[in-house]
Structures are given as C-alpha cells and as structure tokens.
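K.L.:
Please find one structure pasted underneath; my questions will follow.
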Amino acid sequence: MSIWPGRRPKLPTYVRTWLAPDERVLTFATTAYGDLVLASPRGLWMADHNSARSGASPDEPAGQLISWESIVTARWAGDVLTVTAAEEAAPQIMKRLPTISLPLPEPADLPRVVRQRVDRSVAASHRRAISPTATVLLVGRRVSGRDGLLWYAVFDRDSDADDPQARELATAMLQAASATMSPSRPDSD
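Numbering-wise (this note's numbering), the sequence shown opens with residue 127 and increments by one.
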C-alpha cells in the first residue's frame with residue numbers, strides 16, 4: 127500500500143511481461159489471496175501460478191488473459207467478482223469454463239470496468255431453442271482491433287455442444303443471425 131492517503135499502490139514491474147508492448151492497464155486490484163487482477167483493452171489479466179513460464183516464481187507469476195469476447199458472464203456481489211469464460215469446442219461453438227471467483231476486498235473500479243468492457247463487446251445476443259430440451263445463446267461480439275463481429279454459440283448445457291446435430295443447427299442459426307446483423311458502432315479503445 128502507498129504511504130500517501132488515497133494513492134493506489136504501483137503495479138509490480140513483472141506485470142509488464144504479461145502485456146503487449148503497447149497495451150495499457152485500465153485498472154487493477156488485488157485479491158484477498160494477494161494475487162493481482164487487472165483490466166486492459168484486451169481483457170482481464172490475472173496471475174497464473176500454474177504456468178510453466180521460464181523464470182516464473184510465486185513472487186512473479188506469469189499472467190493469464192481472458193479476452194473480453196470470451197467472457198460469458200461477469201458479476202459483482204458483496205466483495206467477489208465472478209467471471210465465467212468460454213473456450214472453443216468446435217468452430218463457432220463455445221463451452222463454458224469453470225467459474226472463477228475473485229474476492230476483492232479493495233476492488234477500486236475493477237468490477238465497473240469489467241462490466242463495462244464485457245457489455246461493450248456484446249453487439250447481439252439471442253437465446254434460441256434448438257430442440258424441446260436444448261437452448262443456445264447466439265452471440266455477436268466486438269473484438270478490439272478486428273473489423274466486424276465474432277459470432278459464436280454457447281449452449282446452456284455444455285453436453286449439447288457435443289451433439290453434432292445440435293452444433294449443425296446452432297451453426298445455421300449463427301449464419302442467419304450474422305447475415306442480418308452488422309456492428310452498431312466501431313470498436314474504440
């Protein structure tokens with residue numbers, strides 16, 4: 127912590143190894159466990175203690191990026207930021223990853239920035255039934271530095287993403303949605 131009241135502590139120098147040369151830090155906070163979490167124009171960065179990065183140590187962990195367009199949900203309740211991201215299971219088909227809970231006793235404006243960035247990345251979002259028991263979320267996302275939208279489907283039940291017929295229906299729905307939708311505004315970081 128800073129000895130000056132109201133001043134934020136400085137970021138550790140090792141954080142620069144996480145970021146691209148021109149990438150800037152928007153805001154940051156420290157978890158109750160002492161791990162650093164920061165937001166940049168590319169996404170949410172956090173310490174990755176399981177990384178095999180050469181030279182990584184508990185005092186200087188490698189960073190793990192969750193891009194804004196990969197975050198399915200982000201919620202702030204009490205002093206905990208919960209983030210659920212997704213990864214590609216097949217072309218344009220995403221599966222949710224386990225939810226990450228980040229207890230932030232002094233959150234600064236990290237929850238607000240995360241919410242704002244996730245919301246800004248969503249250009250279109252439609253939930254559709256593909257069968258009596260299966261639903262899918264069709265999402266068009268803005269990606270920093272990329273023209274157009276990134277379209278993908280997230281099934282409400284991850285097991286449906288393993289069904290070839292469900293994937294085929296979701297892909298057809300995505301093509302129809304993307305054909306009728308164009309971004310409402312360009313991305314501006």
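We treat Cβ as the ideally placed atom computed from N, Cα and C, and that holds for glycine.
Quick test of your reading: Val239 and Val265, contact by CB under 8 Å. State the CB separation rounded to the nearest angstrom.
P.N.:
Rounded, the Cβ-Cβ distance is 21 Å, inconsistent with contact.
K.L.:
Check whether the Cβ atoms of Asp174 and Ala158 lie closer than 8 Å to each other.
P.N.:
Not in contact: Asp174 and Ala158 (Cβ atoms no closer than 8 Å).
K.L.:
Is it buried or exposed, Glu195, if we count other Cβ atoms within 10 angstroms and call 16 or more buried?
P.N.:
It is buried - the Cβ of Glu195 has at least 16 other Cβ atoms within 10 Å.
K.L.:
Could you confirm whether any beta carbon from chain D is found closer than 8 Å to the beta carbon of Glu213?
P.N.:
Annotation note: the requested chain D is absent from the structure, which comprises a single protein chain.
K.L.:
From which residue to which residue does the alpha helix (DSSP H) around Met299 run?
P.N.:
That run of the alpha helix (DSSP H) goes 290-306.
K.L.:
Which residue marks the beginning of the beta strand (DSSP E) containing Ser257, and which one marks its end?
P.N.:
From DSSP, Ser257 is part of no beta strand (DSSP E); its letter is neither H nor E.
K.L.:
Assuming Ser247 is part of the beta strand (DSSP E), what are its boundary residues?
P.N.:
First-last for Ser247: 236-247, but that is the alpha helix (DSSP H), not the beta strand (DSSP E).
K.L.:
In chain order, which continuous runs of the beta strand (DSSP E) of length 3 or greater are located wholly inside the region 143-222?
P.N.:
Entirely contained in the region 143-222, the beta strand (DSSP E) runs reaching 3 residues are, in chain order, 153-156, 162-166, 169-174, 188-193, 197-203, 206-216, 219-222.
K.L.:
Determine the burial state of Ala178: buried for a count of at least 16 other Cβ atoms within 10 Å of its Cβ, exposed for fewer.
P.N.:
Legend: pLDDT at Ala178 = 45, less than 50; position of this residue unreliable, value from coordinates given subsequently. Ala178 is exposed by the Cβ-count criterion.
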